[in-house]
Amino acid sequence: MKHFRSILLTISIFLFISCSQTPQRTEYVLGTMCTINLFNQGTEKRYSHLFSRLHELDQILSANTSTSNLAEINAQAGIAPVKAEPEVFDILQTALEYSKKTEGAFDPTIGPLVKTWNIGFDNAVLPEQSAIEQALKLIDYRNIELDFDRHTVFLRNRGMKLDFGAIAKGYAADELVALMTQMKIKRGIIDLGGNIFAFGEKSSVKPWTVGIRDPFNDSSKPIASIQIRNKSVVTSGIYERFLEQDGIQYHHILDTKNGYPVDNNLLSVSIISSSSTLADTLSTSVFALGAEKGKALVESLPDTDAILIFKDYHIETTGNIAGSIEILSDDFHIIQ
533 MKHFRSILLT
543 ISIFLFISCS
553 QTPQRTEYVL
563 GTMCTINLFN
573 QGTEKRYSHL
583 FSRLHELDQI
593 LSANTSTSNL
603 AEINAQAGIA
613 PVKAEPEVFD
623 ILQTALEYSK
633 KTEGAFDPTI
643 GPLVKTWNIG
653 FDNAVLPEQS
663 AIEQALKLID
673 YRNIELDFDR
683 HTVFLRNRGM
693 KLDFGAIAKG
703 YAADELVALM
713 TQMKIKRGII
723 DLGGNIFAFG
733 EKSSVKPWTV
743 GIRDPFNDSS
753 KPIASIQIRN
763 KSVVTSGIYE
773 RFLEQDGIQY
783 HHILDTKNGY
793 PVDNNLLSVS
803 IISSSSTLAD
813 TLSTSVFALG
823 AEKGKALVES
833 LPDTDAILIF
843 KDYHIETTGN
853 IAGSIEILSD
863 DFHIIQ
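Going by our numbering, the letters in the sequence shown line up with residues 533 to 868, in that order.
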């Protein structure tokens with residue numbers, strides 16, 4: 533699961549809402565607070581339909597729900613193939629594609645390592661080295677078997693566990709966008725625990741403005757802003773979700789090679805893409821790969837950009853997006 537403190541969606545809109553319309557709804561689902569805002573097209577029926585889909589996805593994709601399809605696949609690791617729900621099969625195809633492209637830096641079989649660290653839960657403690665080593669033995673996306681004829685998933689080794697924490701909310705956002713399109717919604721904001729999708733346009737002539745918050749400061753003042761239309765912005769960072777022990781902070785983005793939190797000079801990675809599934813996947817992938825390899829990966833993909841914030845207060849971007857960013861803080865600067 534990701535936590536995203538660095539995305540601040542700045543919306544300056546004045547709307548007249550009738551009694552039958554609801555400007556937004558927030559519910560706890562997918563392990564986080566999720567908000568959908570349909571503005572003057574928001575009705576209880578529409579919100580109920582959208583959140584019903586989110587709860588349905590949660591019941592399928594959660595690694596922490598014993599009755600989910602994902603949990604069933606994990607329970608049968610090394611034993612037998614399991615019939616996969618279409619959503620699980622779809623996600624795994626994307627996950628395996630980027631596991632290959634990142635040479636395992638992104639790996640959906642990271643579940644045993646995530647459980648070993650348990651960062652974000654009250655009982656999290658620094659694991660023993662032996663426990664980390666045992667978890668690492670179970671991480672290898674190449675040991676996932678997909679049967680396209682029978683639509684089954686098989687994890688070859690006992691103890692393997694899939695974890696969709698780095699992709700599920702992105703997939704869910706794309707599912708909501710598809711539903712909103714079917715409903716003929718003209719504009720809306722999806723915020724799944726900080727995983728943002730800005731649907732349509734703020735007005736007939738204005739895009740949405742997304743602010744990047746200062747990762748060094750709890751202030752709501754953004755350090756930069758960027759304008760987007762029909763795109764998702766997803767951020768992975770090391771500063772919000774962590775375990776602190778003996779004065780040392782261990783963040784939640786784990787290295788699949790050594791089993792410890794990724795250690796590089798990055799503070800956060802924000803991905804901008806028309807696909808929220810891709811943005812979610814890449815935000816973790818780029819962070820794990822590091823700036824050079826991560827930027828190269830993003831630049832190889834169409835309609836996708838990245839904003840990288842470093843611990844020394846400098847910012848790097850991909851493609852031509854630097855010209856679209858407005859820096860709002862004197863503490864940060866862009867390096868081309």
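Built from N, CA and C at the ideal position, the CB exists for glycine as well.
At a Cβ-Cβ threshold of 8 Å, residue 780 and residue 770 do not count as neighbours.
Taking the Cα of residue 617 as reference, the smallest distance to any Cα among 630, 806, 593 is reached at 593. About 32 Å separates the Cβ atoms of residue 755 and residue 645, ruling out a contact at the 8 Å cut-off.
Spatial neighbours of residue 556 in its own chain (CB-CB distance under 7 Å, excluding positions within 5 residues in sequence) are listed in chain order as 567, 568, 569, 574. Between residue 640 and residue 627, the beta carbon gap of about 4 Å places them in contact (Cβ cut-off 8 Å). The residues 863, 864, in chain order, have a CB closer than 7 Å to that of residue 845 in the same chain once the five nearest residues on each side in sequence are set aside.
Distances from the alpha-carbon of residue 638 to those of 674, 663, 666 put 674 closest.
Put simply, the stretch 838-855 touches the stretch 811-826. At least three CB pairs are less than 8 Å apart. Here residue 758 has 742, 856, 857 as same chain residues with Cβ atoms under 6 Å from its own Cβ, once five neighbours each way along the sequence are excluded. Residue 669 holds the alpha-carbon nearest to the alpha-carbon of residue 688 among 669, 681, 764, 697. DSSP places residue 814 outside any beta strand (DSSP E); the residue lies instead in the alpha helix (DSSP H), whose first and last residues are 808-821. Assignment of beta-bridge partners to residue 789 by DSSP yields no partner. With a 10 Å radius around the Cβ and a threshold of 16 neighbouring Cβ atoms, residue 703 comes out buried. For residue 706, the enclosing alpha helix (DSSP H) stretches over residues 700-714.
Bounds of any beta strand (DSSP E) do not take in residue 784, whose DSSP letter is neither H nor E.
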